Amino acid sequence: MSFLWRLTNTGTKHNFIHKHRLFVLSIVLCSLQPLVVVSESSSEIRLENSSSSTVVTLVILGSVCALIIFIVLGIRRRLIAVDKNRIPDVYDPEIARAEASLVETLDEAARQNYERARIFQEAYPPDSIPTEITLSQFLSIQEKGVSAWEFEPDLQHTNCFVECRTEIAFYDAECCVQTNLPLPKQQEVYYWEAKMYDKPPNTTVAVGLATKPYPLFRLPGWNRQSVAYFSDNGFKYYNSPFNGKTYGPQFQQGDVVGVGYRPRTGTVFFTRNGKKLDDAFTGMKMNLFPTVGANGPCCVHVNFGQLGFVFIEANVKKWGLAPSMGTLAPPPAYGSERGSLLLESSSRGHLSEDVPRQYTHVNSGIITGVPPEAALDISLVDITVPPPSYSSTDQYYGRPSFMSDSSETHLLAGDQTDSRRSSYEGTSRDQRRNG
């Protein structure tokens with residue numbers, strides 16, 4: 039701008055117009071200088087804003103990409119876990135060929151049990167009988183609550199005994215026992231626990247689920263449509279004795295093993311002493327029955343929800359099979375009979391003071407004219423039964439029930455003797471009269 043100002047001050051007068059134009063031009067350029075500065079500053083601001091917005095956009099895009107990658111990896115990991123825990127097809131020919139080759143490695147007793155179970159399930163496939171909860175069973179659950187579930191041992195094929203519905207005592211032979219009702223499918227999760235009440239170290243206990251009919255002379259997890267958690271090695275078994283996989287720690291006497299089931303996905307998980315283990319199996323969507331088995335002497339107590347669970351989450355979320363109490367009224371509490379007139383009178387042996395005394399007469403003559411409190415003290419010594427009359431056989435045919443057949447023979451013999459004696463005496467009298 040100073041250059042333009044100097045240029046306007048040079049030259050002669052005839053160049054006045056030209057100088058005036060240059061002056062105007064210089065004024066215009068001076069007036070445009072702030073605009074240029076503002077435009078330059080605004081462009082710089084726009085550049086700064088655009089760069090900052092670009093950085094923010096890149097950060098957002100990076101976060102979204104990282105989140106998408108994390109979600110994809112999580113889904114992939116979940117799918118891998120689900121596929122790993124999914125129950126394989128029991129009718130897969132490759133699995134059948136693998137089992138056939140492994141059967142040859144078993145000893146004679148184990149091979150016989152395996153073939154016996156295979157023949158049983160060919161004749162009675164899993165879920166071949168109706169196992170849905172019927173209307174009568176549903177009403178029983180409504181009335182009794184969780185007490186409707188109980189173990190039913192098959193005494194012909196199992197060597198165990200059940201006491202108080204859920205206390206199982208196993209003996210020497212290998213066997214298992216199942217409940218009378220399957221697990222429901224209404225709520226999200228169902229859960230139950232089994233306590234190793236008495237378990238020797240050399241006894242193997244298997245806790246799990248199985249369908250019906252199931253070969254009760256086998257442990258759960260060793261045949262089709264069954265899963266179990268074993269105590270001796272901590273393995274989980276499903277559908278076969280040859281596919282055990284490492285799952286959790288071993289459990290001994292005093293330990294509590296829990297079994298959880300999600301009906302929507304068919305997922306089975308286990309707990310040990312209140313600690314949840316990983317999901318063991320998925321895809322079990324048939325009617326499953328709680329099943330406990332053992333190959334030696336032991337005692338297992340099962341809790342379906344009648345008591346508090348060791349697994350706290352199951353208590354909080356009420357994962358029991360049914361409410362602990364049903365609609366059926368419980369029995370009266372101990373001591374509630376106090377104040378009952380009938381029980382008080384029978385316990386004291388006489389009526390209350392506010393009841394008027396009355397005399398009772400018995401037509402048979404055994405008890406006559408005695409007060410009612412004396413009638414309560416009756417013994418067999420006071421009862422006299424008149425002896426039967428043996429004068430004729432007609433009375434015998436209407437003999438009382440306490441007489442035996444031997445008594446009948448003696449009575450008949452006595453009657454015949456009396457009749458012969460009477461006929462002899464009559465003949466003698468006739469002879470003397472005629473003589």
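For reference, each letter of the sequence shown is one residue, going 39 to 473 in our numbering. Think of the CB as a built atom: it goes at the ideal place given N, C-alpha and C, for glycine as much as any other residue. Being a predicted model, the structure only gives us computed values, none of them experimental.
Straight-line Cα distance separating residue j from residue i
i           : j           : result
residue 331 : residue 276 : 14 Å
residue 294 : residue 305 : 20 Å
residue 202 : residue 160 : 34 Å
residue 312 : residue 192 : 31 Å
residue 187 : residue 219 : 6 Å
residue 151 : residue 288 : 25 Å
residue 329 : residue 349 : 19 Å
residue 149 : residue 171 : 36 Å
residue 197 : residue 104 : 59 Å
residue 280 : residue 366 : 46 Å
residue 244 : residue 176 : 29 Å
residue 336 : residue 147 : 22 Å
residue 347 : residue 370 : 27 Å
residue 204 : residue 260 : 23 Å
residue 95  : residue 102 : 11 Å
residue 300 : residue 225 : 8 Å
Cutoff 9 Å: residue i Cβ touching any chain C Cβ
i           : result
residue 195 : Judged by its chain identifiers, the structure shown contains no chain C, having just a single protein chain.
Those residues which DSSP pairs with residue i across a bridge
i           : result
residue 314 : 309
residue 371 : Note: residue 371 sits in no beta bridge, so no partner.
residue 339 : 205 and 233
residue 248 : 264 and 327
residue 300 : 305
residue 274 : 267 and 283
residue 217 : 189
residue 198 : 208
residue 319 : 306
residue 332 : 213 and 243
residue 228 : 299
residue 294 : 233
Minimum C-alpha distance to residue i - residue among the options
i           : options               : result
residue 185 : 360, 315 and 254      : 360
residue 228 : 321, 106 and 302      : 302
residue 322 : 255, 246 and 341      : 246
residue 317 : 237, 292 and 298      : 298
residue 333 : 135, 208 and 189      : 208
residue 213 : 157, 143, 225 and 241 : 241
residue 167 : 363, 324 and 345      : 324
residue 216 : 224, 181, 169 and 210 : 169
residue 319 : 263, 291 and 194      : 263
residue 339 : 284, 94, 230 and 181  : 230
residue 283 : 269, 91, 97 and 292   : 269
residue 341 : 210, 206, 226 and 97  : 206
residue 327 : 223, 144 and 155      : 223
Cβ-based burial, residue i [other Cβ within 10 Å; buried from 16]
i           : result
residue 267 : buried
residue 164 : buried
residue 100 : exposed
residue 73  : For residue 73, the pLDDT reaches just 44, beneath the cut-off of 50, and the residue's location in the model is therefore unreliable, although a value from the coordinates is still provided. Exposed, because fewer than 16 other Cβ atoms sit within 10 Å of the Cβ of residue 73.
residue 107 : exposed
residue 135 : exposed
residue 157 : exposed
residue 179 : buried
residue 256 : buried
residue 91  : exposed
| query | Is it a yes or a no for the region 345 to 355 touching the region 242 to 250, going by three-plus beta-carbon pairs under 8 Å? | reply | no
| said: Whether or not the region 307 to 314 and the region 268 to 287 are in contact is what I'm after, with contact meaning three or more pairs of Cβ atoms, one per stretch, closer than 8 Å; do they touch? | reply: yes
| task | Take every Cβ of the region 136 to 150, pair it with every Cβ of the region 224 to 242, and state whether three or more of those distances are shorter than 8 Å. | result | no
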